[in-house]
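Numbering-wise, the sequence shown is residues 55 to 309 according to this note's numbering.
Yeah, the Cβ is synthetic: ideal placement off N, Cα and C, and Gly gets one too.
The model shown is predicted, which means the values in this text are computed figures rather than measured ones.
One structure below.
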Amino acid sequence: MAAVLDSFRLTGRVAIVTGASRGLGADMAIALAEAGADVALVARGDTSAVTQAITQLGRRSCTVAIDVGAAQAAEKILAAVTAQLGAADILVNNAGIIRRAALLEFSETDWDDVMNVNLRAVFRLSQRFAAALVARKAPGKIINTASLLSFQGGIRVVSYAASKSALGGLTRAMANELAPLGINVNAIAPGYMETDNTAQLRADPARHRAILERIPAGRWGTGADMKGAVVFLASPASDYVHGTTLPVDGGWLAR
Ligand code: NAP
Numbered sequence: 055m056a057a058v059l060d061s062f063r064l065t066g067r068v069a070i071v072t073g074a075s076r077g078l079g080a081d082m083a084i085a086l087a088e089a090g091a092d093v094a095l096v097a098r099g100d101t102s103a104v105t106q107a108i109t110q111l112g113r114r115s116c117t118v119a120i121d122v123g124a125a126q127a128a129e130k131i132l133a134a135v136t137a138q139l140g141a142a143d144i145l146v147n148n149a150g151i152i153r154r155a156a157l158l159e160f161s162e163t164d165w166d167d168v169m170n171v172n173l174r175a176v177f178r179l180s181q182r183f184a185a186a187l188v189a190r191k192a193p194g195k196i197i198n199t200a201s202l203l204s205f206q207g208g209i210r211v212v213s214y215a216a217s218k219s220a221l222g223g224l225t226r227a228m229a230n231e232l233a234p235l236g237i238n239v240n241a242i243a244p245g246y247m248e249t250d251n252t253a254q255l256r257a258d259p260a261r262h263r264a265i266l267e268r269i270p271a272g273r274w275g276t277g278a279d280m281k282g283a284v285v286f287l288a289s290p291a292s293d294y295v296h297g298t299t300l301p302v303d304g305g306w307l308a309r
């Protein structure tokens, strides 16, 4: 195979994907396995379909059934993955939640819950994952799932926009400190994708049509659209890419 295509291979790597039971995380986990990685799936719910897809590819998989926002979740995830698959090289921080309400009615619970899962848990797991890489003098890759609301404000999603905008800053800040250590930190900003996260939007015919009309590619995205980006950012092909947030948005931000 041509050398450049070899640089996208993940053979022998161990990846962790949070929020891998469904949606974008499920497709990204399968993409990493298709590229050759063994993949640990982190979620509270059922991961059996994703596990089956990975094992059918001849790769190993394990599940860590945990709430990423819980105390000590980062330590428990890393210990479980190391015991079952070996030390991890790739971390995809993808677990995320959204709460929709008008600003004037937005509750502190909806603020705290979203910030805890979308931001604090990413900081904690990334910090512990990077510490483990540094301890064994290994290179590594951290990939965060950002959003169009890392760049824009959105409507009725104040804690989500705050968390995802902060995630862009966290990505850059971590990249600055970890690049000298051989660890790449980047993010992917999905556009409007057909998952449970956007079920409410897609159920509203007016919002669904308004969003669709604004997407230059002329369609909503799917988990499959994330596959190339995540393999690129997880692989040696992106070794000189640090601190960027890559939109996979059908051209939304270009418009
Ligand atoms: P989704 O279909 O709702 O899936 C969310 C995933 O995160 C599930 O696997 C869920 O698993 C997991 N999760 C949620 N809270 C968790 C927690 N506390 N602990 C562990 N796992 C948790 O959403 P999605 O659209 O695939 O979203 C994935 C990521 O992409 C999120 O960060 C989201 O903000 C981002 N994103 C999505 C879109 C979009 O249009 N869909 C656009 C931009 C960004 P369990 O419920 O089994 O725990």
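Less than 8 Å between the C-beta atoms of residue i and residue j, yes or no?
{"i": "T117", "j": "T136", "result": "no"}
{"i": "V302", "j": "A278", "result": "no"}
{"i": "V275", "j": "Y246", "result": "Here residue 275 turns out to be Gly, not Val, going by the sequence shown. Yes; because the gap between Cβ atoms is below 8 Å, this pair is in contact."}
{"i": "V211", "j": "L202", "result": "no"}
{"i": "I144", "j": "A241", "result": "no"}
{"i": "L86", "j": "A107", "result": "no"}
{"i": "N238", "j": "N198", "result": "no"}
{"i": "S161", "j": "M228", "result": "no"}
{"i": "L132", "j": "M280", "result": "no"}
{"i": "V285", "j": "L221", "result": "no"}
Measuring only the C-alpha atoms, how far is residue i from residue j?
{"i": "N230", "j": "A184", "result": "13 Å"}
{"i": "A258", "j": "I265", "result": "For clarity, residue 258 is Asp in the given sequence; the question names Ala instead. When rounded, the distance between both Cα atoms is 11 Å."}
{"i": "A142", "j": "A260", "result": "44 Å"}
{"i": "A291", "j": "T298", "result": "15 Å"}
{"i": "D123", "j": "T72", "result": "Note that residue 123 is Gly in the sequence shown here, rather than Asp. Taking the straight line joining both Cα atoms gives about 11 Å."}
{"i": "F205", "j": "S219", "result": "6 Å"}
{"i": "G236", "j": "D81", "result": "27 Å"}
{"i": "R113", "j": "D92", "result": "5 Å"}
{"i": "I151", "j": "L173", "result": "11 Å"}
{"i": "W306", "j": "R182", "result": "34 Å"}
{"i": "R154", "j": "A253", "result": "12 Å"}
{"i": "R67", "j": "I196", "result": "13 Å"}
{"i": "R263", "j": "A156", "result": "21 Å"}
{"i": "H296", "j": "Q126", "result": "28 Å"}
{"i": "L111", "j": "E88", "result": "7 Å"}
{"i": "G140", "j": "R63", "result": "18 Å"}
{"i": "E159", "j": "T65", "result": "49 Å"}
{"i": "S213", "j": "R309", "result": "25 Å"}
{"i": "A192", "j": "A57", "result": "23 Å"}
{"i": "S115", "j": "G90", "result": "12 Å"}
{"i": "R76", "j": "D121", "result": "15 Å"}
{"i": "A149", "j": "A200", "result": "11 Å"}
{"i": "L300", "j": "R226", "result": "12 Å"}
{"i": "K130", "j": "I209", "result": "36 Å"}
{"i": "P270", "j": "G194", "result": "34 Å"}
Give me whichever residues DSSP pairs with residue i in a beta bridge.
{"i": "N69", "result": "Looking at the sequence shown, residue 69 is not Asn but Ala. Note: A69 sits in a beta bridge opposite V93, I144."}
{"i": "T117", "result": "L95"}
{"i": "P244", "result": "V302"}
{"i": "K195", "result": "I144, N238"}
{"i": "G282", "result": "According to DSSP, G282 bridges with nothing at all."}
{"i": "G208", "result": "For G208, which the question treats as bridged, DSSP gives no partner whatsoever."}
{"i": "G275", "result": "M247"}
Buried or exposed, going by whether 16 or more other CB atoms sit within 10 Å of the CB of residue i?
{"i": "D250", "result": "exposed"}
{"i": "D293", "result": "exposed"}
{"i": "S217", "result": "buried"}
{"i": "G272", "result": "exposed"}
{"i": "V171", "result": "buried"}
{"i": "P244", "result": "buried"}
{"i": "V104", "result": "buried"}
{"i": "A83", "result": "buried"}
{"i": "R268", "result": "exposed"}
{"i": "A215", "result": "buried"}
{"i": "R178", "result": "buried"}
{"i": "G128", "result": "Checking the sequence, you will find Ala at residue 128 rather than Gly. Answer is buried; the Cβ neighbour count reaches 16."}
{"i": "A119", "result": "exposed"}
{"i": "S61", "result": "exposed"}
{"i": "T15", "result": "There is simply no residue 15 to check, as the chain begins at 55 and stops at 309 in what is shown."}
{"i": "G207", "result": "exposed"}
| Is the region 161-172 in contact with the region 87-98, if contact means three or more CB pairs nearer than 8 Å? | no
| Does the region 232-242 come close enough to the region 179-197 to have 3 or more Cβ pairs within less than 8 Å? | yes
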